[in-house]
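> In terms of my numbering, the sequence shown is residues -16 to 340. Backbone N, C-alpha and C define an ideal beta-carbon position, used for all residues, glycine too.
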Amino acid sequence: MNMNPMNHLTKRTTLGLFAIALGSGLCAQKTMKTATVAADAGKDYQTVVDAAYTKYKDLKEGKNADYIPALAQVPSDLFGVSLVTVDGKQYHKGDVDSPVSIQSISKVFALARVIEDEGPKAVQDKVGVDATGEVFNSITAVERMRGKEINPCVNPGAIATTSLVRGKTYEEKWNAIIGIHSDMAGRPLQVNQPVYESEAATNQRNQAIAHLLLAYERMYWDPVKSTDLYTKQCAINVGSRDLGIMAATLANGGVNPVTGKRVVSPETVEHVLAVMATAGLYDDSGIWLYNTGLPGKSGVGGGLIAVCPGKFGIAVVSPPLDAAGNSVKGQRVIYDVVNELKANPYLVQPKVPAVKK
Ligand code: GLN
């Protein structure tokens, strides 16, 4: 697979190649006028990424998460933006290889593992797929619904989902979890040990959630070990480059567009993206969807991904968060990029022209 956009400097003008180069025709009007089609498409994506990066680089809003002590130590000015297309082209800007802990974004990949292995019905019946509309670590949401209808993108649903990961032992389950994360990223990922230890020492609230779920018979493995597995998955280190490739793997129906490896099936991805759309940014998921139309997922480490199905994945790393726990710069950058690329799937140009009356 050719990953260097400059190698695409060929004089082709057919609309078909054009669409492939642009990830199904984004920005088509802008690039139509030149002969160096795919290279211009590359420039367009890079230009849009660079512009959003520059616009928000010095924004000082938001604050690192500090309820996990180690997260308060991460440099607040870390800032990386990565866009990866379904044909494996990559557009990066900033600190794209500086790792942060993946945190809640791991919920997406643990969910993908469980849907792939147990089927979508298992998650719908045993966890739930409705948005709670509450903060990500809400206990009242669990209590109100007596453990039912809790979304895999918020902590209770995520811990229940992790408890469903296949494997008889902690090690087998962990291998399944780290395996899917690494395959999605296309390289072996590692755990950030200080972050893991820091959260493991302070995660009494998540332990309480796991025990409350157990009381309602909605935990499917040992609650203490499941919470620990979940805590460890949240401490997996990723840069925006990794997250961009992981998001692009979802955009590409479960095949990593850089390595070519099939990680999960397109049918698994379709359910994962739907869950992300309902609660990927917790209680601000409605605002997010209103502005992007894309399934997204944030983490309190400062990562944020969005998936434009069949086109591209985009990721931002920037630790300062807003009150809902979502990266401030991450949201601004992705709003801008989606808008510039007209990538909101709900934005449709009519196929049949309006009839003049
Ligand atoms: N590990 C974090 C927690 O459980 C993840 C939360 C998040 O990223 N929103 O609290």
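What does a CB cutoff of less than 6 Å around N175 pick up in its chain, not counting 5 residues either side in sequence?
What you label residue 175 is simply residue 192 of the sequence shown in a count that begins at 1. The answer, listed in chain order, is S84, A218, N220.
> Do you know offhand how far T144's Cα is from M259's?
Stepping through the sequence shown from its first residue, residue 144 is reached at position 161. Stepping through the sequence shown from its first residue, residue 259 is reached at position 276. Each residue's alpha carbon lies about 14 Å from the other.
> Leaving out five residues before and five after Q370 in sequence, what residues of the same chain have Cβ atoms less than 6 Å from its Cβ?
Only positions -16 to 340 of the chain appear in the structure, and residue 370 is not among them; the question remains open.
> To the nearest angstrom, how far is it from the Cα of T30 to the Cα of T37?
Stepping through the sequence shown from its first residue, residue 30 is reached at position 47. Stepping through the sequence shown from its first residue, residue 37 is reached at position 54. If I take the Cα positions, the gap works out to 10 Å.
> If you reduce the DSSP assignment to three classes, tell me which class L66 lands in.
Locating residue 66 in the sequence shown gives position 83, counting from the first residue. If DSSP states are grouped into helix, strand and coil, L66 belongs with the strands.
> Could you name the residues of the same chain whose beta carbon sits closer than 6 Å to that of P52, not counting the 5 residues immediately before and after it, in chain order?
Taking the sequence shown and counting its residues from 1, one reaches residue 52 at position 69. If we look at P52 and ignore the five residues flanking it on each side, its Cβ neighbours are S181.
> If we count the other Cβ atoms within 10 Å of its Cβ and call it buried at 16 or more, is G269 buried or exposed?
Position 286 of the sequence shown, counted from the first residue, corresponds to residue 269. Exposed.
> Buried or exposed for K16, please, with buried defined as at least 16 other CB atoms from any protein chain shown within 10 angstroms of its CB.
In the sequence shown, residue 16 corresponds to position 33, counting from 1. Here K16 scores only 35 on pLDDT, less than 50, and its place in the model is too uncertain to base an answer on.
> Can you list, in chain order, the stretches of the alpha helix (DSSP H) that have 4 or more residues and sit fully within the segment 70 to 110?
Fully enclosed alpha helix (DSSP H) runs of 4 or longer: 89 to 101, 103 to 109.
> Give me the DSSP bridge partner(s) of I297.
Counted from its first residue, the sequence shown places residue 297 at position 314. I297 is bridged to L66, A289.
> Please confirm whether any heavy atom of the ligand GLN lies closer than 7 Å to the CB of G308.
Taking the sequence shown and counting its residues from 1, one reaches residue 308 at position 325. Within the cutoff, so yes.
> Report yes if the C-beta distance between L304 and G285 is below 8 Å; otherwise report no.
Stepping through the sequence shown from its first residue, residue 304 is reached at position 321. Stepping through the sequence shown from its first residue, residue 285 is reached at position 302. Contact: yes.
> Could you give the residue range of the alpha helix (DSSP H) that holds S146?
Locating residue 146 in the sequence shown gives position 163, where the first residue counts as 1. 138 to 146 is the extent of the alpha helix (DSSP H) around S146.
> Taking only the alpha-carbon atoms, compute the straight-line gap between P(-12) and P328 and give it to the nearest angstrom.
If you number the sequence shown from 1, residue -12 lands on position 5. If you number the sequence shown from 1, residue 328 lands on position 345. Only weak support exists for where P(-12) lies, its pLDDT of 31 falling under 50; the value from the coordinates is given anyway. Cα to Cα, P(-12) sits roughly 25 Å from P328.
> Which of the three DSSP states, helix, strand or coil, is assigned to V238?
For this step, residue 238 is matched to residue 255 along the sequence shown. Correct three-state label for V238: strand.
> Hey, is the segment 147 to 154 in contact with the segment 118 to 135, meaning 3+ C-beta pairs nearer than 8 Å?
Judged by Cβ distances under 8 Å, the segment 147 to 154 makes no contact with the segment 118 to 135, as fewer than three pairs qualify.
> Could you check where the beta strand (DSSP E) with K280 kicks off and where it finishes?
Within the sequence shown, residue 280 is the residue found at index 297, counting from 1. Its beta strand (DSSP E) spans residues 279 to 281.
> Are at least three pairs of beta-carbons, each pair with one atom in the segment 286 to 300 and one in the segment 326 to 340, less than 8 Å apart?
Yes, the segment 286 to 300 is in contact with the segment 326 to 340.
> Taking 7 Å as the cut-off, is the C-beta of F92 nearer than that to any heavy atom in the ligand GLN?
Residue numbering aside, residue 92 sits at position 109 when the sequence shown is read from its first letter. No - the ligand GLN has no heavy atom lying nearer than 7 Å to the Cβ of F92.
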